[in-house]
Every structure is written in structure tokens, then in C-alpha cells.
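Each residue of the sequence shown is one higher than the one before, counting from 1 in full-length UniProt numbering.
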Amino acid sequence: MVAVFNKELLSWYLITLKLKETLQSGIPSSPNSGSRSTEFQQQQKLQQEPSESLQVVINVEGENLQEEPNSPVSEWVISINEKLEQARQDDMASSWAKLSIYKIPHYLRESSGDDKAFAPQIVSIGPYHHGKRRLRQMERHKWRSLNHVLKRTKHDISLYLNSMKEIEERARSCYEGPFSLSSNEFVEMLVLDGCFVLELFRGAIEGFKQLGYSRNDPVFAMRGSMHSIQRDMIMLENQLPLFVLDMLLGIQLGNPDMKGLVATLALRFFDPLMPTDEPLTKSDRSKLESSLKSTETFDPLSDQGGLHCLEVFRRSLLRTGPQPPPRTWIKRRSHANRVVDKRRQQLIHCVTELKELGIKFKKRKTDRFWDIKFKDGILRIPRLLIHDGTKSLFLNLIAFEQCHLDCSNDITSYVIFMDNLINSPEDVGYLHYRGIIEHWLGSDAEVADLFNRLCQEVVFDINNSYLSPLSEAMNRYYNHRWNTWCASLRHNYFSNPWAIISLVAAVVLLLLTFAQTYYTIYAYYTPPG
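In C-alpha cells:
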């Protein structure tokens, strides 16, 4: 069997093979046998010493085909083996165990219709958006913040670099997928971005003037672009591991083993993004300030270790007040291997349909926006504040719940519940009239579109939702025949004052007619005397 990679060499080989057969058969050569003998010797030489550029290999027995190491087929096999080796490394359990800062799934990014909700527009934190052209303007302000830290603490930069070098591998394991930063570049990014984040956190509590910044500073001041910076820094792809920030702040305050204070500072810094209009109380704020002065930690999340600022913010939303009751009913009603059905995400009817049935909506006085109650036909919903950063906040919280294994779906459950309630601008208008929704957007239609797009491609099991018992109770009330009759009566006869007057007049007329008929019959059967 012959493997051929050059036509000229094939022709030479066939000539050589023919001459060999002629000699073996004993057929006399032609007069030009001398020249052909010379050709034969040349071909034998070519056969014994093939050119490396032609790379032809002949298997005399015709059983197996072998290839030179530099052949295209050989390089292809080597490439496949390299990819398989990379897959083996990626598939190791240790490479996924500490993952906590995820890239936004493609289906969530497309369904939202707004890439700005996931991609930072002013400042990059972490490796995912590091070095992007539109974010480079903030880099010089990061270096200014690092210079302020070194000047204020009188530390050498090597102290921070060496500390980050020790935890480099641990920090890398928190991010998804490989990135192009070298070891030195990654460590430099941790120090630069980490000190920048801490300066913003501390400035929001202590005041930027006390940290050495001018009152006219374009970045380190609670005005101007600060709201946009807060919105960028709460995004899932724009995070640093919390232990990195803990170590950097500990070095600055002289206590490297200090933990918990960064989580508290983060909650204060991101307080304007809260979806409620209940800010931190004065007592909480005073505790925060005193904790900075005494370097003692005041951490409302001290019983759990935080992953990053978004995760800490999420837990603060769900931990304000008592937690929802344990969902023990999940074990009875769902199966671990059940496939989730997109059609089963319709939990309840919309506001208009529920209102026609007679269900009343009232504002519940609590700062726990997720804590919804239903009893005796009254749905009590806490006040929700919607601003220009609410969409990005909810989308990133939902993305984290979709990606992180050890995470509940409470925020997703709440958003899907509100999506079921709101189908039209009229639904938003009625909830606004009842004091349940307060928004700073252009119109009620924008609010309705916001909720209708938040969970467009999110699929989850409604039985694994803390609002599932409430939804079932509402559906039972909705489907009860007596409630349907009462709702029809209210809708047809008590919808406006004139309808009520007509109904009362009809009832009075009916009673008078009945009384007249009664006395007529009574007088007939019991004549006087």
C-alpha cells in the first residue's frame, strides 16, 4: 500500500517498479538499457533517501499506513489530544468547587434585550472586563486611590503585592474559564481594583474628605457618577472575592485576620440600590461608623462567609427580618429528578382578573419587599421602589441564582410572581394607586415591560418556590364557585352608584309587589266579618 503526497514521486515510483519487474522476468533490455539502468539507480537512491519535504512512506507488505511526525494528519491527532487533555483538566472537581463569580449565560443576556444590564459602563472590577477600551478612563483614578492608600498608611506597595501573591490561586479559582492575565498582571489587578473598591466603601461611611480627597474630586465624592459606579459594581461579572477585600482592608487597618467589616461597608455603600424606600436606620449607621474607628467588626452576616458583594447584598435583602418558613412541603410534592416545565411558571392570574374576582390589594408595612401575604381574599404586598438601576440589579441577582448551585431561588420566585401579577400598564397603575409600586420610570408601560422581560428565558420549578403555597391558596380562592358568583354580582350590580340605586329600587319594588300580592290573597281567603 502506498501513501502519496506528490504526483511526480508517484510517476518515478511506477517507472522504478516496472524496471524491477522487467529485470526479474529476464526480458532483455532495449538499447537504451544503460540510460534506464542509470535512471533505476537514481530511483533506488530516491527511494532509500526520500526528501523530507515530500514525506512519502511506502509499506511494502501493504498492511498498515504510517505517517511522518510532521504530516498534517499527525498534527491533527496531536491537536485533538491536546484538547482532550484540556478537557480532562477542566473536568476535575477541584476546578469547579470554589467557583462563585460567573459569566452571564448567553440565554439570559439575549433575553434581557439590554447588554448594559450585565456589562459595566464606567469601571471594571476583576478580570472579565479588565482592559476594555471604554473603561480605561477609570484606570488612572484607580491608581490615584492606590496612591492615597499608600500615602495614608505609609505602607510599601510590596506588602500588598506579596499578600495577594499568596492567595492568587485561590482567587483565580473563583472565576469561570481561563483569562489572558499573567500572574503578575492578575496580582496587580487584585491590588489596584481592591484598593479602589475599599476607598469607595470607606468614603461612603467616613467621608471622602477624611480620606484625603478633594471635595471637587470627579470620582471620590457622593455625587456625579457615583450612582453609575454603584450600578456597575453590583454586577455579577464585575466582582472581587470577598476574602481579597477582607485581606486588603485588614492590612490597611493593621489587622490582617479581620473579617466581616467589608460586608458591612458594602451594604452601606449599595444601600441606594435597595428596591425599598427604607434606608438604614441611624442606629445601624452609627454602629458602622464606630466599627471603623475601633476596628471592631459589626457584621449582620457574621454567621456565614460571604462570596462577593453581590452575594452579600442578596443575603441582606432576604435577611432583613425573619426568614420565610422552611419549605418542608417541597419534599412531599416534588421529585429530585423531575424535569422543569416552562408552562408551569404561571403561578397566578393578573391584577385585573384578580380584582374582578373580588380579591383586594393592600400595601403591607414592612421593608421585606418579598414578604407577601394572602388571607381572606386580601393580598398584602410590601412596597416596591423601582428606579433606573432596578432592572440591572434584579437581572444580576437572577443570574447568580441560576448559576450558583448552593443558592435558593427566592429573588427569582418573587420576580416571577410579580411578572404574573403584571400583564399590562393598567395592572401597574392599579398597584401604584394602592401604594404597592412606586417607580421613577417614564410610564407604567415601562414598568410592565420591565417585569415581563426579566424572567423571559428563566425556567424553574414552582414547587421549589417560597410563594408556591400562597399561589395555591389564591388559585383555590379564584376557582371557588361562591367567590365567582359574588364577584359577578359586585361587577354587574355594584360597579357604580347608579347600578346600586337601580338594584335597591328593583328590590324595593319587588318587596312591594310581594306585599300587595300577599294581602290580596289573604283578603280573598279571609273576608271581613
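Backbone N, C-alpha and C fix where the C-beta goes; we use that ideal spot for every residue, glycine too. Just so it is clear, the structure is predicted and the values come from calculations on it, not from any experiment.
Can you tell me where the beta strand (DSSP E) with residue i in it begins and where it stops?
i, result
"His141", "Element bounds for His141: not the beta strand (DSSP E) but the alpha helix (DSSP H), 139 to 153."
"Ile78", "Taken as a continuous stretch (DSSP letters only), Ile78 belongs to no beta strand (DSSP E), being part of the alpha helix (DSSP H) at 72 to 90."
"Ile234", "Per DSSP, Ile234 belongs to no beta strand (DSSP E) and is neither H nor E."
"Ile386", "384 to 386"
Nearest-angstrom Cα distance between residue i and residue j?
i, j, result
"Leu317", "Ile437", "17 Å"
"Asp246", "Ser163", "12 Å"
"Lys360", "Glu472", "17 Å"
"Leu192", "Val415", "36 Å"
"Cys350", "Ala263", "38 Å"
"Arg434", "Leu146", "49 Å"
"Leu181", "Thr390", "32 Å"
"Leu267", "Tyr430", "32 Å"
"Arg327", "Glu168", "Confidence in Arg327 is poor, its pLDDT being 42 and thus under 50, which makes the residue's placement too unreliable to answer from."
"Ser468", "Gly207", "45 Å"
"Cys407", "Glu311", "10 Å"
"Gly212", "Leu240", "25 Å"
Check residue i in the structure and name its three-state DSSP category.
i, result
"Trp329", "Unreliable positioning characterises Trp329 in this predicted model, as indicated by a pLDDT of 37, which lies under 50. The coordinate reading is nonetheless provided below. Looking at Trp329 - three-state DSSP - the assignment turns out to be helix."
"Glu438", "strand"
"Ile416", "helix"
"Leu379", "strand"
"Phe369", "coil"
"Tyr524", "helix"
"Tyr501", "The sequence given here has Ile at residue 501, not Tyr. Note: Ile501 maps to helix in three-state DSSP."
"Leu211", "coil"
"Tyr518", "helix"
"Ile411", "helix"
"Lys360", "strand"
"Leu267", "helix"
"Ile251", "helix"
"Asp341", "For Asp341, the predicted structure reports a pLDDT of 46, less than 50, and the residue's modelled location is therefore unreliable. A value from the coordinates is still provided. Here Asp341 sits in coil by DSSP."
"Ile122", "coil"
"Phe179", "coil"
"Phe394", "helix"
"Phe220", "coil"
"Phe243", "helix"
"Pro28", "Caution is warranted here: a pLDDT of 47 is assigned to Pro28, below 50, making its placement in the model unreliable, and no coordinate value can be reported."
"Thr513", "helix"
"Phe201", "helix"
"Ile462", "helix"
Assign residue i to one of two classes, buried (16 or more other C-beta atoms within 10 Å of its C-beta) or exposed (fewer than that).
i, result
"Ile521", "exposed"
"Gly113", "exposed"
"Gln516", "exposed"
"Asn184", "exposed"
"residue 536", "Residue 536 is absent from the model: the chain starts at 1 and stops at 529."
"Asp444", "buried"
"Trp76", "exposed"
"Tyr128", "buried"
"Thr513", "exposed"
"Ser413", "buried"
"Arg223", "exposed"
"Ser115", "A small fix is needed here, since residue 115 is Asp in this sequence, not Ser. Classification of Asp115: exposed, given that the 10 Å Cβ count is below 16."
"Trp370", "buried"
What are the boundary residues of the alpha helix (DSSP H) that residue i is part of?
i, result
"Asn475", "468 to 479"
"Arg319", "309 to 319"
"Asp427", "425 to 433"
"Tyr160", "157 to 166"
"Phe451", "444 to 454"
"Ser225", "Careful: Ser225 lies outside any alpha helix (DSSP H) and carries neither H nor E."
To the nearest whole angstrom, what separates the beta carbons of residue i and residue j, a pair I think is in contact under 8 Å?
i, j, result
"Ile398", "Val458", "6 Å"
"Ile104", "Leu236", "6 Å"
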